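S.K.:
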Amino acid sequence: LQSQLLRQPRTLLKSIECLDYPEFIDKHYNRIEPGVRRAYSRHHCSAMSHSEKTLIDVDPPVIIVGDIHGQFNDLINMFLLIGRPPEKRYLFLGDYVDRGMMSIECIMLLLAYKVCYPSAVYLLRGNHECARVNRKYGFWNECLLHLGEQGETIWAMFQRCFNNLPVSALVATKILCMHGGLSPSLDSLDDVRNTAKPVRNPFRGVINDMLWADPDLNILDWRTSSRGSGFAFGSHVIDDFCERFGLELIVRAHQMCLDGFWVTPNRRLLTLFSAPMYCNLYRNAGTVLEVDDQLRCRLISMMPESVRMIARINSLNCGCCRFL
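The sequence shown begins at 1 in UniProt numbering and counts up one residue at a time.
(1) Determine the burial state of Gln159: buried for a count of at least 16 other Cβ atoms within 10 Å of its Cβ, exposed for fewer.
(2) Could you round the C-beta distance between Gly100 and Arg125 to whole angstroms and report it? I think they count as a contact, below 8 Å.
(3) Taking the alpha carbon of Val167 as the point to measure from, which residue in Phe139, Met157, Leu316, Ser183 has its own alpha carbon closest?
(4) Using the C-alpha atoms, what's the distance from Pro215 back to Gly246?
(5) Using 9 Å as the threshold, is the C-beta distance between Tyr122 and Ala169 below it?
(6) Let me know if Leu145 comes out buried or exposed under the rule of 16 or more other beta-carbons within 10 Å of its beta-carbon.
(7) Taking the beta carbon of Arg283 as the centre, do at least 16 other beta carbons fall within 10 Å, making it buried, or is it exposed?
(8) Is Val65 near Leu211, with beta carbons less than 9 Å apart?
(9) Does DSSP put Cys18 in a helix, a strand or coil?
(10) State the Cα-Cα distance for the pair Asn164 and Asn314, rounded to the nearest angstrom.
(11) So if DSSP puts Met178 in a beta bridge, which residue, or which two residues, is it bridged to?
(12) Given a threshold of 16 other Cβ atoms within 10 Å of its Cβ, counted over all protein chains shown, does Thr54 qualify as buried or as exposed?
(13) Taking only the alpha-carbon atoms, compute the straight-line gap between Glu129 and Glu243 and give it to the nearest angstrom.
(14) Ignore the nearest five residues each way along the sequence and tell me which others in Leu270's own chain have a CB closer than 6 Å to its CB.
(15) Is Met302 near Asn73, with beta carbons less than 9 Å apart?
(16) Determine the DSSP secondary structure at Ile107, reduced to helix, strand or coil.
(17) Count the other C-beta atoms from every protein chain shown that fall within 10 angstroms of the C-beta of Asp67, then say buried if there are 16 or more, exposed otherwise.
(18) Identify every residue that forms a DSSP beta bridge with residue 354.
(19) Three or more C-beta pairs under 8 Å: does that hold for the stretch 218-225 against the stretch 136-150?
(20) Going by other Cβ atoms of all chains shown within 10 Å of its Cβ, with 16 needed for buried, is Phe265 buried or exposed?
(21) Assuming Leu289 is part of the beta strand (DSSP E), what are its boundary residues?
(22) Just checking my contact of Ala232 with Ala253 at CB under 8 Å: how many whole Å lie between their CB atoms?
Put into structure tokens, the structure is as follows:
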């Protein structure tokens, strides 16, 4: 197959347009052969729909997933534990690539699901879905290594795909989701919803802030982020946003948490991190949020087990499941 791909890429690409996607996903669900990567990734970058708004509306029930960072085996384990699309609806908060060793497999599988089941898979953009970031932290090198002479071209195709991903989602008008956080320039959710795409390498403004911002409970309002991009925001900002926009919860990713999650004392903001044993450097859990059709929220955590982590999750999941 690999030699056929090298000799006849145009013919194969034409035939791939007629693929039975569910059959193809099943065949390559737990492995994607090196020869398949080249044409498959090229097609999926071009097939990604540009029709979604920059802020999308998502109906519950839904599973909300934080950073994945190229940890393909953990992505597969999550689907085995919770269920695959379209059995379950998923909202991913970005950072599919970089850091881990299998970024190509992660983003290809998720794009395949998006093409096949567009109303069951929603993919938001993370700060690593920006060319200036993923050229530096692993994805660029992975494309060159595994995709050969077409690696640079296909990497550029992925960037065009990333530039068209939405940056925020609103679940049942009450749960606002994004990769990073809030922006001092955000006056209306419609400002985000109606932002024209593609958005190429944002450096400043609302979109950039939503990809890069972090909560900081040591402050009350705003300060410049130590990351060099975006802002840090405090508890007053969180309360103000929830009250102004009628939100019950803000869900974001962007920061590694040893328990796989972190929730503010007022339970108005939740951070999710879904890559367990991150880069084999930490013994952190990976956690996702299950939101049912009544907006009741339940944390689902993946190994490694921790008595402290399990106790915290049980305390949040017991009784009334709403975070407020």
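Where a beta carbon is used, it is the ideal one built from N, C-alpha and C, also for glycine.
All figures in this text were calculated on a predicted structure; none of them were measured in a lab.
M.R.: The relevant details are as follows:
(1) Here the question's residue 159 lines up with position 159 in the sequence shown. Burial call: buried.
(2) In the sequence shown, residue 100 corresponds to position 100, counting from 1. In the sequence shown, residue 125 corresponds to position 125, counting from 1. Going by Cβ atoms, the distance from Gly100 to Arg125 rounds to 18 Å, so no, they are not a contact pair.
(3) Stepping through the sequence shown from its first residue, residue 167 is reached at position 167. Cα-wise, what sits closest to Val167 is Ser183.
(4) Residue 246 sits at position 246 when you count from the first residue of the sequence shown. Residue 215 sits at position 215 when you count from the first residue of the sequence shown. Gly246 and Pro215: Cα-Cα distance of roughly 19 Å.
(5) Here residue 122 is taken as the residue at index 122 of the sequence shown, counted from 1. Here residue 169 is taken as the residue at index 169 of the sequence shown, counted from 1. Their beta carbons are under 9 Å apart, which means Tyr122 touches Ala169 by this criterion.
(6) By 1-based counting over the sequence shown, the position of residue 145 is 145. So Leu145 ends up on the exposed side.
(7) Working through the sequence shown from its first residue, we reach residue 283 at position 283. Burial call: exposed.
(8) One-based indexing of the sequence shown puts residue 65 at position 65. One-based indexing of the sequence shown puts residue 211 at position 211. Their beta carbons are not under 9 Å apart, which means Val65 does not touch Leu211 by this criterion.
(9) Start at 1 with the first residue of the sequence shown, and residue 18 comes out as number 18. Interpretation of Cys18 is limited by its pLDDT of 47, a score under 50 that renders its predicted location unreliable; no figure is taken from the coordinates.
(10) What you label residue 164 is simply residue 164 of the sequence shown in a count that begins at 1. What you label residue 314 is simply residue 314 of the sequence shown in a count that begins at 1. Near 38 Å, if we compare the C-alpha coordinates of Asn314 and Asn164.
(11) The residue you call residue 178 lines up with position 178 of the sequence shown. Met178 pairs with Ser168.
(12) Looking up residue 54 in the sequence shown gives position 54. With 16 or more Cβ atoms within 10 Å of its Cβ, Thr54 is classed as buried.
(13) Indexing the sequence shown from 1 puts residue 129 at position 129. Indexing the sequence shown from 1 puts residue 243 at position 243. Cα-Cα distance, rounded: 30 Å.
(14) Within the sequence shown, the letter at position 270 stands for residue 270. Here the set comprises Val251, Val263.
(15) Here residue 302 is taken as the residue at index 302 of the sequence shown, counted from 1. Here residue 73 is taken as the residue at index 73 of the sequence shown, counted from 1. No.
(16) Locating residue 107 in the sequence shown gives position 107, counting from the first residue. Helix, per DSSP.
(17) Along the sequence shown, read from residue 1 onward, the residue named residue 67 stands at position 67. Counting Cβ neighbours within 10 Å, Asp67 comes out buried, since at least 16 surround it.
(18) The chain is shown from 1 up to 324; residue 354 falls before or after that span and cannot be answered.
(19) Fewer than three pairs of CB atoms, one per stretch, sit closer than 8 Å, so the stretch 218-225 makes no contact with the stretch 136-150.
(20) Numbered from 1 along the sequence shown, position 265 holds the residue referred to as residue 265. First, the residue type needs correcting, since residue 265 is Pro and not Phe in the sequence shown. Pro265 should be labelled exposed.
(21) The residue labelled residue 289 in the question sits at position 289 within the sequence shown. First-last of the beta strand (DSSP E) with Leu289: 286-291.
(22) Within the sequence shown, residue 232 is the residue found at index 232, counting from 1. Within the sequence shown, residue 253 is the residue found at index 253, counting from 1. Contact doesn't hold; Cβ gap of about 16 Å is too wide.
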